[in-house]
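Numbering (UniProt numbering), first residue to last: 1 to 325.
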């Protein structure tokens, strides 16, 4: 069962409302999170509560599945009690209702993760998403905020640096997806391509990224929980290792040489994108597998194989034998 299904079930299957937040504070024994300013409206959930256990279980299962040793230190709920906060919550509900009506009764609201520094998370909770959060994603899928599905917290955790207390922080937020469209790598979109769509995904069947356009990033999102945890220092490298269980043993081709050869056949814009993806990989922002897929999308297997064959003078080489260092 997904987080959104489980949480919806345990939260009466309804969208959060001002009264929901008020009753949560009055009926449960919460403790203020001392690492954040009190004015943020964060309350600490108690281990053993249904919502706490659901989030922790989902979080830990995802990490353990990839062999990552992590521990949840605390989970905090953002309650919408002040005048400004109530307006923010009401705005989300109004947009959710509008998308629900447009989409035939289903706003397709999902839970998703966003990783950032403690300061990033604090600002998002206080003011919403901004240009800084958009700049973290390299614009590979257009102008917007990139979130990861509730089943993939590790992907967002790679963008969460360790704070002075040795903790990382993830934001679990509701997002109004509505009807999603596939957004290709290298897209320059900053809004839906038509009135038919509300959001974007990198893959409709098995999405790894939810794209919330810059025009929607503070109307279609609602930050709800902060998960603070401890994890190994090099999560990005670990993700790459797990996605590539064995290193290629066939002859390889240095990536800079490959780019040089590709520039003889591809338009400058495509070559520029390939260089951009390669830099993102070297900075551990995308995995080796993601780089390979983007390379294949831009250059095509036929051209890649021909270039690699020419370089290594072999009859058959797989594109995955490219050296990415």
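Using N, Cα and C, we set each Cβ at its ideal position, and we do this for glycine too.
Closest residue to residue i among the options (Cα-Cα distance)
i	options	result
residue 202	88, 211, 196	211
residue 59	153, 37, 120	153
residue 126	306, 230, 37, 281	37
residue 179	194, 190, 165, 113	194
residue 118	55, 163, 230	163
residue 271	257, 282, 109, 283	257
residue 199	146, 283, 292, 205	146
residue 232	290, 67, 57	67
residue 214	44, 139, 51, 80	139
residue 218	228, 175, 235	175
residue 187	82, 294, 165	294
residue 234	47, 69, 121	69
residue 304	279, 65, 264	264
residue 276	55, 113, 141	141
residue 113	281, 296, 55, 105	55
With 16 other Cβ atoms within 10 Å as the buried cut-off, status of residue i
i	result
residue 92	buried
residue 131	exposed
residue 192	buried
residue 158	buried
residue 61	exposed
residue 196	exposed
residue 204	exposed
residue 327	Nothing about residue 327 can be read from this structure; the chain reaches only from 1 to 325.
residue 229	buried
residue 240	Its pLDDT being 49, under 50, residue 240 is placed unreliably in this model, and the value from its coordinates should be taken loosely. Buried, by the Cβ-count rule.
residue 261	buried
residue 44	buried
Rounded straight-line distance, which links the Cα of residue j to that of residue i
i	j	result
residue 327	residue 302	The structure shown has nothing for residue 327, since the chain only spans 1 to 325.
residue 49	residue 75	11 Å
residue 306	residue 143	34 Å
residue 223	residue 98	19 Å
residue 208	residue 95	24 Å
residue 226	residue 172	6 Å
residue 182	residue 267	23 Å
residue 221	residue 42	17 Å
residue 156	residue 87	28 Å
residue 148	residue 206	11 Å
residue 124	residue 40	10 Å
residue 291	residue 71	30 Å
residue 77	residue 100	25 Å
residue 185	residue 254	23 Å
residue 284	residue 63	18 Å
residue 167	residue 160	9 Å
residue 84	residue 90	10 Å
residue 103	residue 177	10 Å
residue 26	residue 288	Because residue 26 carries a pLDDT of 35, less than 50, the predicted location of this residue cannot be relied on, and no value is offered for it.
residue 121	residue 82	19 Å
residue 65	residue 80	34 Å
residue 286	residue 73	27 Å
residue 269	residue 279	15 Å
residue 296	residue 46	48 Å
residue 300	residue 282	22 Å
residue 107	residue 165	39 Å
Limits of the alpha helix (DSSP H) - the one that residue i falls within
i	result
residue 169	No alpha helix (DSSP H) contains residue 169, which is instead part of the beta strand (DSSP E) from 168-176.
residue 153	153-157
residue 234	Segment: none, residue 234 is in no alpha helix (DSSP H) and carries neither H nor E.
residue 62	50-65
residue 99	83-102
residue 326	Residue 326 falls outside the range modelled here, since the chain spans only 1 to 325, and no answer is possible.
8 Å contact criterion, which residue i and residue j should meet: CB distance rounded
i	j	result
residue 274	residue 298	6 Å
residue 170	residue 128	Rounded, the Cβ-Cβ distance is 17 Å, inconsistent with contact.
residue 150	residue 111	4 Å
Range covered by the beta strand (DSSP E) that runs through residue i
i	result
residue 286	No beta strand (DSSP E) contains residue 286, which DSSP labels as neither H nor E.
residue 199	199-201
residue 114	109-116
residue 227	221-230
residue 210	210-213
residue 73	71-78
residue 144	144-149
residue 42	42-44
residue 180	180-182
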